[in-house]
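Just below is one structure, and these are the notes that go with it.
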Amino acid sequence: MIEFVVFTLPMFVSLFWSVALFADAKRDDKPRVLLAVFMLFASILYASHAVYFSEDYDIYLIMDPLYTLASLSVFPLFYLYIKTIAKDSNPKPRDFWMLLPGLFFGVATALFFIILSPDELFAYIRNMVYKEKTDFIFSTAAKIQIILYKVGRVVFAIQLIPSVYFSWKLISAYDKKIKEFYSSTEERTLTWAGNMMIAMVSAAIFSLILNTLGKAFFIHDSMLLLFPSLAFSTILFTIGFLGFKQQYSIQTYQGDILKDNNISHKHSTEATRNKLHDELLVLLNEKEIFRNTNLRITDISEKLGTNRSYVSNIVNNEFKSTFSDLINHYRVEYAKKLLLDQKLYILEYISEESGFASVNSFLRAFKKETGTTPGNYRKEIKRKILNQ
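Encoded structure:
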């Protein structure tokens, strides 16, 4: 029973999220559909692992071509998923070219399995997959399949680097846009996708290790699989859970910035720039616009009667900051005043009054700004006052 759980847990975790995501996805929700497909391929991949470790050769003969297809498709699928969230919500047909290696090697393996005789196919599985020594003399077709098998493993390893690298670039570029547009970025950034990327890097490292050792390394002691099984299951569950919670995407962002097109913009001259800078300070220092939890850079540009690009340029070059960091700086400064108030306000009240979307976002911003927690800050200031 324990062996069954160890062998099949990653398969059931990924299958669960595949079904959940397909059931929840709307017709035009490309990211969710792609994540569901990713999970489906992952379930096929780990189903193949489970069959392999059960040592049922007959069933594995059916699963091996599917394993080849799935193993060479999961990381490209994850990249496509990130791309639909962070760059292009409607993927083009050419975006799917990276799935061709998996399709080619999967179909080629299936065709050679059909061509090979039962005895030769059995010998191939024992020799190449289970690493058992055999004196069988392979035909030309079998030798070609052996080459395909080895090349496929190399392609799998090569895929990891560009898939992870370009996914991370997309996430970073998207998050930069979000921080320049929204003041509260907690629910809008792809931080959760960054967490997924960390999980995927972990999966990639595990995959490379297993790819180097070969699955046969674990065949004689199933308990050696316990840690990899739990690790993969945790990673897959994290990916599924965070992906299921995903609400914002590049499509949401693009919809929000369209509102800026209706604003009557001022021409950017040096005099106008200085005037905008001063007016921005008035909005922040006197009108405390930062206390608006849902504040966007377009809200400020509309009040100033200018383009959001001009406001962003002022924030970047004169304040040496991003829009979200600048607003959070003012929020933290406001929170400091409330922390020292005699009424001893609770953190929920302080975070809400200061403009933060949640206590957690308040704590993160405060720690980033001051290097300490609100509670410790309050104690330290009071201690200094008493020592004066």
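Just add 3 to the spot in the sequence shown (first one is 1) and you have my numbering. A virtual CB, placed ideally from N, CA and C, is assigned to each residue, including glycine.
Under the Cβ criterion (8 angstroms, minimum of three pairs), the stretch 173-187 does not count as touching the stretch 100-115. Secondary-structure assignment with DSSP links Tyr-185 through a beta bridge to Arg-299. Following the DSSP letters along the chain, one finds Val-132 in no alpha helix (DSSP H), marked with neither H nor E. Between Tyr-84 and Phe-25, the C-beta gap is not smaller than 7 angstroms, which leaves the two residues out of contact.
The shortest CA-to-CA distance from Met-131 to any of Pro-121, Ile-118, Lys-146 is the one to Lys-146. In the three-state reduction of the DSSP assignment, Leu-119 falls in the coil class, being assigned neither a helical nor a strand state. The residue from Ser-57, Ala-368, Asp-91 with its alpha-carbon nearest to that of Ser-252 is Asp-91.
One alpha carbon belongs to Pro-34, the other to Ala-126, and they sit about 42 angstroms apart. For Gly-308, the closest alpha carbon among the candidates Leu-37, Thr-112, Arg-386, Thr-275 is that of Thr-275. It is roughly 12 angstroms from the alpha-carbon of Phe-230 to the alpha-carbon of Leu-12. By the criterion of a C-beta distance shorter than 6 angstroms, Glu-189 is surrounded in its chain by Ala-360, Ser-364, once the five residues flanking it on both sides are discounted. Of Val-36, Asp-31, Arg-129, Asn-93, the smallest CA-CA separation from Asp-67 is found for Arg-129. When DSSP states are grouped into helix, strand and coil, Arg-97 belongs to the helix group. Between Ala-368 and Val-335, the C-beta gap is smaller than 7 angstroms, which places the two residues in contact. By the Cβ-count criterion, Lys-86 is buried, with 16 or more other Cβ atoms from all chains shown falling within 10 Å of its own Cβ.
Inclusion of Ala-111 and Leu-151 in the CB contact set at 7 angstroms is warranted, their separation being smaller than that value. DSSP places Gln-257 in the uninterrupted alpha helix (DSSP H) bounded by 253-260.
By the neighbour-count criterion, in which 16 or more other beta carbons inside 10 Å mark a residue as buried, Ile-303 falls on the buried side.
Rounded to the nearest angstrom, the Cβ distance from Ile-161 to Met-199 is 22 angstroms, too far for a contact under 8 angstroms. In the three-state scheme derived from DSSP, where H, G and I count as helix and E and B as strand, Tyr-348 is classed as coil.
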